[in-house]
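>
Protein chains in written order, with the numbering used here: chain A, 1 to 213; chain B, 214 to 749.
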């Protein structure tokens, strides 16, 4: 790939970048404190970990309220409409093409800034993993209100904890893979830089010449 | 007769220390809250020859007092549990300490709020002048009921214990009568701190250290702080004292008592003052109050000031010195007996971590006539409760273990006749002749039970909910003392305890998946790096 075929486009707006990094920090912190509460390791101490976990959870809730509002007012929610077109090509790219410097099967534009795999992954995280964490965390947090809400007979803390833990592991899995895939841009730090500055380098036109290694 | 001397010394100690608590009455005289100075009543300015004479004077003004007392367990020593129909009360229950009252009344009645209970069956429960006002309302600390005198104090100088060479002065009834006042930790404690035959023996959360406790021992009774008396929580109306181990409140009402609120709840609960959401700065803790009694976290150990008896094996009692005398052997501390010919083997322990259980307030006793568990442990009392009955909380308990006699023929508990009245020569009493068969026969006679002479000893267990000696909040349990795999609540079932009950499957699969992801990206990245270097 040569520089002259690259074009800089403004993909990530300020709020989006702020949302991303704030959320990234909170999720990492929630994983850190959450697994300590879970008893997987020791760092802050159980009591402090519980307190931090709760504060971070409420912060994330606040952030998401803003993010949801932003996505709907800006119409950016459309970025997450799932598509299975080129999903196979994406898999093939990560499985084979990437090792041969094959061209990326997806070209990013401001209207389609996530590749099909990203769309599916983010949608899964936002529609399944996130809500699972939220709802289970909510009931966990308000355990003492169950009888007042009349749900103490139909809910069990065991299952609430089960789903919260399950979703936490899914999130951990996502975070690991997600962080790794940020290194798969045209340079290892290209995607990270884009998420900081908002500007992403994209190839203008795929030409046979640029395909050559 | 040395046996009595220990108890007497303890009782005397209790009463002497009570002298230090005469302040409330003194204050009252100096312009305190009371509207009456009993020393100025001519009815009390005379020489009283007996307790009942004093009572008669009391009743001259307090016309309803004796009738009120007559309705209480303190008087009747009998109470029928309406839920189970079981006839309880000191006259009926058998415990695994001194075991039982019948046949031993003259001794036991030192803690009856009456005079002259020589036999619990034939005692005149309708007698008003037999009510002992002074034992609860004395403020001088000089009023002592002596075991063996059937509930009376000494009215003349007597050698006590008999043939001991020690003498007890008569109580100045006039002075005590003129000094009456509210009950105090010392008056309640004169019996309740010494339950089981000595200081701290029975309860583990009630002993003479509560007469003037420091803050670390009891935040509420802290003599230099809140200085609660027993009646501050056991708020009493008409002499009927709330808060009983026969009808404990497993799950107290969540609303604190308030003026104007119709509330039939037990005032002797934490919630009656603190409500169900007492943690202001650590609100997360309030989510525990639905399932966990306050006592569970806030009384981290019992017997924090002095050791309590944890077990009592009657089966070894009766071993005598070569010349046929009673012997006692001290334990490692040097302060407590580990063996006493009268009673058998003991174990004392300090700072004991309680046993925990769900309690809903219902309790079942093993009474005379009930079958014992010959092959296992017989539960003298069993507090019921479960995670899902909606009426239980997790409570701390002192579990007291013992071995005591039972009837091999009918398989139920036996009552030994142990103690005798002052100066009596009663050869059937175990503490006189150390012969089980005769002692058990006398006990069976007193309880109206058949006894063919064949007996053995059975392992028993008795539970005592721990509720006194609330520690300062800094000393409460920390989270991980329960939130861990092998914490204090390790055996509590029916509730999901985060960190104790983690789902192992999801943990295993989750960490495997995370590991797989890490390995996957490491291999993928490694290949990329390798190929990139090769390409260069």
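Where is the CB? At the ideal position from N, CA and C, for every residue including glycine. Everything numeric in this text was worked out from a predicted model, so none of it was measured.
Look up residue 301 of chain B in the DSSP assignment and give the residues it is bridged to.
Looking up residue 301 of chain B in the second chain gives position 88. Answer is B:292.
> Verify the CB distance criterion: does residue 714 of chain B have a CB-CB separation below 8 Å to chain C?
Included in the structure are the protein chains A and B, with no chain C among them.
> Less than 8 Å between CB atoms is the rule here; does residue 692 of chain B satisfy it with respect to chain A?
Taking the second chain and counting its residues from 1, the one referred to as residue 692 of chain B is at position 479. Residue 692 of chain B counts as touching chain A.
> Can you check whether the CB of residue 279 of chain B is closer than 8 Å to the CB of residue 348 of chain B?
Taking the first residue of the second chain as 1, we reach residue 348 of chain B at position 135. Taking the first residue of the second chain as 1, we reach residue 279 of chain B at position 66. Taking 8 Å as the Cβ cut-off, residue 348 of chain B and residue 279 of chain B do not qualify as a contacting pair.
> With a threshold of 8 Å between beta carbons, is residue 165 of chain A in contact with chain B?
Within the first chain, residue 165 of chain A is the residue found at index 165, counting from 1. Interface residue, yes.
> Are residue 631 of chain B and residue 317 of chain B closer than 8 Å when you measure CB to CB?
Start at 1 with the first residue of the second chain, and residue 631 of chain B comes out as number 418. Start at 1 with the first residue of the second chain, and residue 317 of chain B comes out as number 104. Against a cut-off of 8 Å, the Cβ pair of residue 317 of chain B and residue 631 of chain B comes out as a contact.
> Please classify residue 149 of chain A as buried or exposed, where buried requires at least 16 neighbouring CB atoms within 10 angstroms.
Locating residue 149 of chain A in the first chain gives position 149, counting from the first residue. Counting Cβ neighbours within 10 Å, residue 149 of chain A comes out exposed, since fewer than 16 surround it.
> Using three-state DSSP, classify residue 607 of chain B as helix, strand or coil.
Here the question's residue 607 of chain B lines up with position 394 in the second chain. Here residue 607 of chain B sits in strand by DSSP.
> Going straight from the alpha carbon of residue 562 of chain B to that of residue 274 of chain B, what length do you get?
Residue mapping note: residue 562 of chain B aligns to position 349 of the second chain, counting from 1. Residue mapping note: residue 274 of chain B aligns to position 61 of the second chain, counting from 1. So the alpha carbons of these two residues sit roughly 47 Å apart.
> Are residue 456 of chain B and residue 466 of chain B closer than 8 Å when you measure CB to CB?
By 1-based counting over the second chain, the position of residue 456 of chain B is 243. By 1-based counting over the second chain, the position of residue 466 of chain B is 253. Not a contact, by the Cβ cut-off of 8 Å.
> Of the residues that make up the segment 64 to 97 of chain A, which ones have a beta carbon closer than 7 Å to any beta carbon in chain B?
Within the segment 64 to 97 of chain A, no residue places its CB atom closer than 7 Å to a CB of chain B.
> Hey, residue 701 of chain B and residue 98 of chain A are a contact pair by Cβ (cut 8 Å); roughly how many whole angstroms apart?
The residue labelled residue 701 of chain B in the question sits at position 488 within the second chain. The residue labelled residue 98 of chain A in the question sits at position 98 within the first chain. Wrong, their Cβ atoms sit about 54 Å apart, outside the cutoff.
> Less than 8 Å between CB atoms is the rule here; does residue 133 of chain A satisfy it with respect to chain B?
Counted from its first residue, the first chain places residue 133 of chain A at position 133. Chain B, which has no Cβ nearer than 8 Å to the Cβ of residue 133 of chain A, makes this no.
> Determine the direct distance from the alpha carbon of residue 514 of chain B to that of residue 437 of chain B, and round the result to whole angstroms.
Position 224 of the second chain holds residue 437 of chain B. Position 301 of the second chain holds residue 514 of chain B. Computed Cα separation, rounded: 22 Å.
> Exposed or buried, residue 654 of chain B, counting other C-beta atoms within 10 Å across all chains shown (16 or more means buried)?
Counted from its first residue, the second chain places residue 654 of chain B at position 441. So residue 654 of chain B counts as buried.
> CB-CB under 6 Å to residue 522 of chain B, same chain, minus the five flanking residues each way: which ones, in chain order?
Working through the second chain from its first residue, we reach residue 522 of chain B at position 309. Same-chain partners within the cutoff: 414, 559 and 561.
> Under the rule that 16 or more other beta-carbon atoms within 10 Å means buried, what is residue 262 of chain B, buried or exposed?
Locating residue 262 of chain B in the second chain gives position 49, counting from the first residue. Residue 262 of chain B is exposed by the Cβ-count criterion.
> Would you kindly report the start and end of the unbroken alpha helix (DSSP H) that includes residue 594 of chain B?
One-based indexing of the second chain puts residue 594 of chain B at position 381. Per DSSP, residue 594 of chain B belongs to no alpha helix (DSSP H); it is in the beta strand (DSSP E), 594 to 596.
> Which ranges would you report for the beta strand (DSSP E) in the segment 638 to 716 of chain B if only whole runs of at least 3 residues count?
668 to 678
> Can you give me the Cβ contacts of residue 459 of chain B inside the same chain, cut-off strictly under 7 Å, excluding the 5 residues immediately before and after it?
Here residue 459 of chain B refers to the residue found at position 246 of the second chain. Non-local beta-carbon contacts of residue 459 of chain B in its own chain, meaning distances under 7 Å to residues more than five positions away in sequence, involve 292, 294, 301 and 576 in chain order.
> Leaving out five residues on either side along the sequence, give the residues of the same chain with a beta carbon under 6 Å from the beta carbon of residue 666 of chain B.
The sequence position of residue 666 of chain B within the second chain is 453, counting from 1. Excluding residues within five positions, the ones whose Cβ falls inside 6 Å are 650.
> What does residue 27 of chain A touch in chain B if you count any residue whose Cβ is under 9 Å from its own?
Here residue 27 of chain A corresponds to residue number 27 of the first chain, with the count starting at 1. Simply none; closest approach about 14 Å.
> If the cut-off is 8 Å on Cβ atoms, which residues from the segment 569 to 580 of chain B count as contacting chain A, listed in chain order?
none
> Taking all protein chains shown into account, do 16 or more other C-beta atoms lie within 10 angstroms of the C-beta of residue 227 of chain B, making it buried, or fewer, making it exposed?
Taking the first residue of the second chain as 1, we reach residue 227 of chain B at position 14. Caution applies to residue 227 of chain B, whose pLDDT of 44 falls short of 50 and renders its modelled position unreliable; the model cannot decide the point.
> Do residue 556 of chain B and residue 542 of chain B come within 8 Å of each other at the CB atom, strictly closer than that value?
Here the question's residue 542 of chain B lines up with position 329 in the second chain. Here the question's residue 556 of chain B lines up with position 343 in the second chain. No.
> Within the same chain, show all residues whose beta-carbon is closer than 6 Å to that of residue 241 of chain B, passing over the 5 residues directly before and after it, in chain order.
By 1-based counting over the second chain, the position of residue 241 of chain B is 28. Note that residue 241 of chain B scores 44 on pLDDT, short of 50, meaning its location in the model is unreliable; the coordinates nonetheless yield the value given after this. Taken in chain order, the residues that qualify are 247.
> For residue 78 of chain A and residue 725 of chain B, I'd like the C-alpha separation in whole angstroms.
By one-based count along the first chain, residue 78 of chain A stands at place 78. By one-based count along the second chain, residue 725 of chain B stands at place 512. Straight through space, the alpha carbons of residue 725 of chain B and residue 78 of chain A are spaced by roughly 34 Å.
> Give every residue of the same chain whose Cβ lies closer than 6 Å to the Cβ of residue 222 of chain B, excluding the five residues on either side of it in the sequence, and list them in chain order.
Here residue 222 of chain B refers to the residue found at position 9 when the second chain is read from its first residue. Note that residue 222 of chain B has pLDDT 48, beneath the 50 cutoff, so the model's placement of it is unreliable and no number is given.
> Give the secondary structure of residue 286 of chain B by DSSP, where H, G and I count as helix, E and B as strand, and everything else as coil.
Within the second chain, the letter at position 73 stands for residue 286 of chain B. The answer is helix: DSSP assigns residue 286 of chain B an H, G or I state.
> Is residue 493 of chain B helix, strand or coil when you go by DSSP?
Translated into positions along the second chain, residue 493 of chain B becomes position 280. DSSP places residue 493 of chain B in coil when its eight states are reduced to three.
> Classify residue 364 of chain B as helix, strand or coil using the three-state DSSP reduction.
Taking the second chain and counting its residues from 1, the one referred to as residue 364 of chain B is at position 151. Looking at residue 364 of chain B - three-state DSSP - the assignment turns out to be coil, as it is neither helix nor strand.
> Kindly indicate which three-state DSSP category residue 128 of chain A falls into: helix, strand or coil?
Position 128 of the first chain, counted from the start, is the residue given in the question as residue 128 of chain A. In the three-state scheme derived from DSSP, where H, G and I count as helix and E and B as strand, residue 128 of chain A is classed as helix.
> Hey, how far is the Cα of residue 693 of chain B from the Cα of residue 141 of chain A?
Within the second chain, residue 693 of chain B is the residue found at index 480, counting from 1. Within the first chain, residue 141 of chain A is the residue found at index 141, counting from 1. Note on geometry: alpha-carbon atoms of residue 693 of chain B and residue 141 of chain A lie some 18 Å from one another.
> Using a Cβ-Cβ cut-off of 7 Å (strictly less than) and excluding sequence neighbours within five positions of residue 516 of chain B, which residues of its own chain qualify?
As a working mapping, residue 516 of chain B is identified with position 303 in the second chain. Closer than 7 Å at Cβ, skipping near neighbours: 413, 417, 562, 563, 564 and 565.
> Look at the Cβ atom of residue 176 of chain A, then the Cβ atom of residue 730 of chain B, and state whether they are nearer than 8 Å.
Along the first chain, read from residue 1 onward, the residue named residue 176 of chain A stands at position 176. Along the second chain, read from residue 1 onward, the residue named residue 730 of chain B stands at position 517. In this structure, residue 730 of chain B lies closer than 8 Å to residue 176 of chain A by Cβ.
> Nearest CA to the CA of residue 255 of chain B: which residue from B:484, B:449, B:387 and B:593?
Counted from its first residue, the second chain places residue 255 of chain B at position 42. Of the listed residues, the one whose Cα sits closest to residue 255 of chain B is B:387.
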